[in-house]
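Down below is the structure, laid out as structure tokens.
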Amino acid sequence: MEQTQTDNYLKMLSLHRIREIYIKEAENAANTNLSYQEYLHRLVEQQVLSKIERSINRKTQLACFPQIKRLEEFDFSFQPKINEKLIRELATLEFMNDSKNILFIGAPGVGKTHLAISIGIKATQARKRVLFYTAEQLTQQLAAAEVSGRLAKMLDLMTRIDLLIIDELGYLSLTRQTAKLFFQLISKRYERGSVIVTSNKPFEQWGEIFNDDVVAAAILDRLLHHSYPFLINGKSFRLKTINK
Ligand SMILES: Nc1ncnc2c1ncn2[C@@H]1O[C@H](COP(=O)(O)OP(=O)(O)OP(=O)(O)O)[C@@H](O)[C@H]1O
Ligand SMILES: [Mg+2]
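In my numbering, the protein residues as written are 1 to 244.
Rendered as structure tokens:
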């Protein structure tokens with residue numbers, strides 16, 4: 001009876017983790033002579049850990065990563081041109097405190113998306129708000145928001161995100177109109193929040209992506225100002241097995 005009531009109270013207080021473990025932990029405490037205080041501490045600690053874990057999972061879901069790729073899975077020996085030390089430093093997320101950007105430029109398969117997602121995951125683990133878009137999805141959403149009169153709202157929301165990842169810039173070129181929307185976004189985030197961009201096109205060719213040299217220069221200027229550009233000229237990991 002008493003136990004059922006305790007269960008109910010814990011449920012009312014949404015202390016689900018404690019509800020799951022308090023009986024087992026009490027047995028454990030009795031067996032190991034834990035003090036009442038230590039017992040309570042263990043319960044509260046487990047509840048806090050479970051809350052953090054749920055928050056991280058939620059943040060990771062909301063980030064819309066296309067796959068989960070971890071830095072620990074990245075084989076730096078396969079891509080020796082990448083400055084591993086710098087990547088590991090960036091994974092501490094210090095760059096986000098200064099709203100700095102990261103640019104991964106290189107041919108298909110060199111690991112741009114993998115690295116972008118890995119750093120994004122580090123950010124969600126630190127409970128930062130992250131959004132992953134392909135450049136195509138992003139420009140489509142910006143264009144749709146403009147048509148329906150929600151552009152200002154969408155730009156505001158994008159400014160409040162802690163880390164914005166824009167993948168595959170350059171595989172499809174933008175129209176002049178969407179290039180302008182893209183510029184507005186980059187301009188709004190400039191010095192306010194970090195952006196990670198991946199592109200297969202070297203900076204000299206960004207005029208082609210945006211169909212407008214002036215807009216491209218203005219976007220690049222803002223992205224590069226406080227940034228870590230990585231020019232990855234290595235082999236494709238996708239072709240690794242084929243080349244063996
Ligand atoms: N150095 C690496 N170590 C481990 N896995 C890697 C490495 N480089 C790439 N991969 C893997 O190879 C595949 C292709 O990498 P990724 O998607 O990051 O390439 P990309 O540079 O984004 O290419 P694209 O320009 O075609 O989008 C992914 O499954 C990725 O996890
Ligand atoms: Mg990619």
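Beta carbons: idealized from backbone N, C-alpha and C, even for Gly.
| query | result |
| --- | --- |
| Residues sharing a beta bridge with Y190, DSSP | Bridge partners of Y190: none, in fact. |
| Ligand 1 heavy atom lying under 7 Å from the CB of Q61 | no |
| L174 versus L13 - alpha carbon distance | 51 Å |
| Enclosing beta strand (DSSP E) for R130 [first to last residue] | Reading the sequence as shown, one finds Val at residue 130 and not Arg. V130 to T134 is the extent of the beta strand (DSSP E) around V130. |
| Beta-carbon gap between G234 and S199 smaller than 8 Å | no |
| Three or more C-beta pairs below 8 Å linking the stretch 93 to 106 and the stretch 219 to 232 | yes |
| F65 beta carbon near ligand 1 (any heavy atom closer than 7 Å) | no |
| Span of the alpha helix (DSSP H) around I119 | K112 to Q125 |
| Backbone secondary structure at T278 - three-state DSSP | With the chain running from 1 to 244 in the structure shown, residue 278 is simply not present. |
| Exposed unless 16 or more other CB atoms sit within 10 angstroms - verdict on I68 | exposed |
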